[in-house]
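Numbering (our numbering), first residue to last: 4 to 178.
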């Protein structure tokens, strides 16, 4: 198979998006929390309006509902705060990918992986997460690929390996 060469500048947006996507991929409950928070807030509002419950009796559900509903914003804020301290931020990142291994390099660092060490690949509309460990992932944005044919070649390589591969669409998860 053909080698795939990627090169991109790792921006703050990439770092934030990668952290958010890893959180969503690893902590499945993070997808449910905003909905649970919205339900809690609606139930509290209905309790106050329809059943004339005092707001003071609903303090805990309102606080938890607000926190749960705001979880995507909190996650993004936390990821942005942490991303500003990354040494690889704004560096040029290069990947060389073929059927037997993946190599990545940036200023001051190099890494090489054999496909057997990747346990999961999660694709979404913006890029790929490569998991060498259950809670650690490498982000490859789709904009780094030279074209749709390279993205398709990458998918073919991944699918030819005994790796858990899944891709996400906006309204659900497909495996």
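Even for Gly, the Cβ is constructed at its ideal location relative to N, Cα and C.
Computed from a predicted structure; not experimentally measured.
* **Residue interval of the alpha helix (DSSP H) (run including residue 21)** => Boundaries of the alpha helix (DSSP H) harbouring residue 21: 15–29, taken from the DSSP string.
Practice prompt. Tell me whether the beta-carbon of residue 28 lies closer than 8 Å to the beta-carbon of residue 132.
Written response: Closer than 8 Å, so yes.
Which residues bound the beta strand (DSSP E) around residue 88?
-> It is not in any beta strand (DSSP E) - residue 88 carries neither H nor E in the DSSP assignment.
Original post:
Unbroken alpha helix (DSSP H) runs of length 4 or more, entirely within the region 62–122: which are they?
Top reply: Runs of the alpha helix (DSSP H) inside the region 62–122: 62–72 and 74–86.
Between 94, 55, 30 and 60, which has its C-alpha nearest residue 17's C-alpha? Considering only alpha carbons, the answer is 94.
Which residues bound the beta strand (DSSP E) around residue 131?
-> Annotation: the continuous beta strand (DSSP E) that includes residue 131 extends over 130–136.
Residue 33 by DSSP, collapsed to three states: which one?
Residue state, collapsed to three classes: helix.
Margin query: Less than 8 Å between the C-beta atoms of residue 11 and residue 91, yes or no?
Written below: With contacts defined by Cβ atoms closer than 8 Å, residue 11 and residue 91 do not form a contacting pair.
Residues of its chain near residue 58, where Cβ-Cβ distance is below 7 Å and the 5 sequence neighbours each way are ignored
Non-local beta-carbon contacts of residue 58 in its own chain, meaning distances under 7 Å to residues more than five positions away in sequence, involve 51 in chain order.
Handout entry: Same chain, Cβ closer than 6 Å to residue 116, neighbours up to 5 away in sequence not counted
Key = In the same chain as residue 116, and ignoring 5 residues on each side of it, the C-beta atoms closer than 6 Å to its own belong to 105, in chain order.
ask   = Roughly how many angstroms separate the alpha carbons of residue 56 and residue 164, rounded to a whole number?
value = So the alpha carbons of these two residues sit roughly 58 Å apart.
Practice problem: Look at the Cβ atom of residue 83, then the Cβ atom of residue 19, and state whether they are nearer than 8 Å. | Solution: Yes. Within cutoff.
Residue 166 - DSSP class collapsed to helix/strand/coil
Three-state result, residue 166: coil.
query = Could you give the residue range of the beta strand (DSSP E) that holds residue 8?
reply = Element bounds for residue 8: 7–12.
ask   = So residue 48 packs on residue 72, CB below 8 Å; how close in whole Å?
value = Actually they do not touch by this definition, with Cβ atoms about 12 Å apart.
Given this structure, state the Cα-to-Cα distance separating residue 6 from residue 101, to the nearest angstrom. So the alpha carbons of these two residues sit roughly 5 Å apart.
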